[in-house]
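Participant: Encoded as structure tokens, here's the structure I'll be asking about.
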Amino acid sequence: IQRSIEELHFSVLDKKTRPEQVSELVGPLNDGVDIGVMSEAGAPGVADPGAKAVAAAHKMGAKVAPLVGPSSFLLALMSSGFNGQSFAFHGYLPIDKGARQNAIRRLEKDLEHSGQTQMFMETPYRNDQLLADIISTGKSNTLLCIAADLTTDSEFIRTKPLHKWAKQKPKLHKRPTVFLIGR
55 IQRSIEELHF SVLDKKTRPE QVSELVGPLN DGVDIGVMSE AGAPGVADPG
105 AKAVAAAHKM GAKVAPLVGP SSFLLALMSS GFNGQSFAFH GYLPIDKGAR
155 QNAIRRLEKD LEHSGQTQMF METPYRNDQL LADIISTGKS NTLLCIAADL
205 TTDSEFIRTK PLHKWAKQKP KLHKRPTVFL IGR
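In structure tokens:
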């Protein structure tokens, strides 16, 4: 960055951003002006609305260059003890309880058949509901890693079977968390 942060312009790009607004946000690329995408948490463009800006930049033929930084799902995978050779990141599971429980069952079956670590996340204010559904829906011996508040002083990373999580659930409300099931 050749300028101070005070000289930079910031705009919001979220799930409510309309396609014409995305075009407006990436418009400066036509004039040779560099733009960047930052994420509130996690990696820009990965289970993140920033992917809209990246796709628009590609469509314009602009150069796209990712910058290195912490990635919550890779840090969670690294610290889970699960298969890091073969894994799937599913982003957000459905909000509807029934659909979410079906998704949990499907991910557990995928793990059983492939040995592939299954990773997903939730909006921080719905983490406790997701954890309750994982525990009530999954098999008691399925291993679950909970990775919350990564790279902060309150970081919490534990892997144990669902039957042990059922006895002692961490408070995850409003804490950025990645959930992984694996072997």
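Per the numbering used here, the sequence shown starts with residue 55, numbered consecutively. Every residue gets a Cβ at the ideal spot worked out from N, C-alpha and C, and that includes glycine. On a predicted model such as this, the values are computed, not experimentally measured, just so you know.
#1: Give me the Cβ distance between phenylalanine 136 and leucine 234, rounded to the nearest whole Å; I'm assuming they're in contact under 8 Å.
#2: Quick check: the stretch 142–161 against the stretch 186–195, are at least 3 beta-carbon pairs closer than 8 Å?
#3: Rounding to the nearest angstrom, what Cα-Cα distance links glycine 104 and glycine 90 in this structure?
#4: Taking the alpha carbon of proline 148 as the point to measure from, which residue in Asn181, Gly123, Ser140 has its own alpha carbon closest?
#5: Just to confirm the assignment: which complete alpha helix (DSSP H) runs, minimum length 4, are found wholly within the stretch 83–156?
#6: According to DSSP, simplified to helix, strand and coil, what is valine 66?
#7: Figure out for me which residue from Gly138, Ser58, Ala111 has the closest Cα to the Cα of leucine 79.
#8: Buried or exposed: where does glutamate 176 fall if 16 or more other Cβ atoms within 10 Å of its Cβ makes it buried?
#9: So is threonine 206 buried or exposed if we call it buried at 16+ other beta carbons inside 10 Å?
#10: Between the Cα of valine 100 and the Cα atoms of Asp85, Asp68, Leu83, which residue gives the shortest distance?
#11: Tell me the DSSP bridge mates of leucine 197?
#12: Please tell me whether alanine 202 and methionine 173 are closer than 8 Å, where the distance is taken between their beta carbons.
Facilitator: In this structure, then:
#1: Indexing the sequence shown from 1 puts residue 136 at position 82. Indexing the sequence shown from 1 puts residue 234 at position 180. Confirmed, Cβ separation roughly 6 Å.
#2: yes
#3: Within the sequence shown, numbered from 1, the residue matching residue 104 stands at position 50. Within the sequence shown, numbered from 1, the residue matching residue 90 stands at position 36. When rounded, the distance between both Cα atoms is 9 Å.
#4: Along the sequence shown, read from residue 1 onward, the residue named residue 148 stands at position 94. Measuring from the Cα of proline 148, the nearest candidate turns out to be Asn181.
#5: 104–114, 126–134
#6: Mapped onto the sequence shown, residue 66 falls at position 12. In the structure shown, valine 66 sits in coil (DSSP, three-state: anything other than H, G, I, E or B).
#7: In the sequence shown, the residue the question calls residue 79 occupies position 25. Leucine 79 has its Cα closest to that of Ala111, out of Gly138, Ser58, Ala111.
#8: Residue mapping note: residue 176 aligns to position 122 of the sequence shown, counting from 1. Its Cβ being crowded by 16 or more others within 10 Å, glutamate 176 is buried.
#9: Taking the first residue of the sequence shown as 1, we reach residue 206 at position 152. Exposed: under 16 other Cβ atoms inside 10 Å.
#10: Within the sequence shown, the letter at position 46 stands for residue 100. Answer by Cα proximity: Asp68.
#11: Along the sequence shown, one-based indexing puts residue 197 at 143. In DSSP, leucine 197 forms a bridge with Pro215, Gly236.
#12: Residue numbering aside, residue 202 sits at position 148 when the sequence shown is read from its first letter. Residue numbering aside, residue 173 sits at position 119 when the sequence shown is read from its first letter. Contact flag unset, no.
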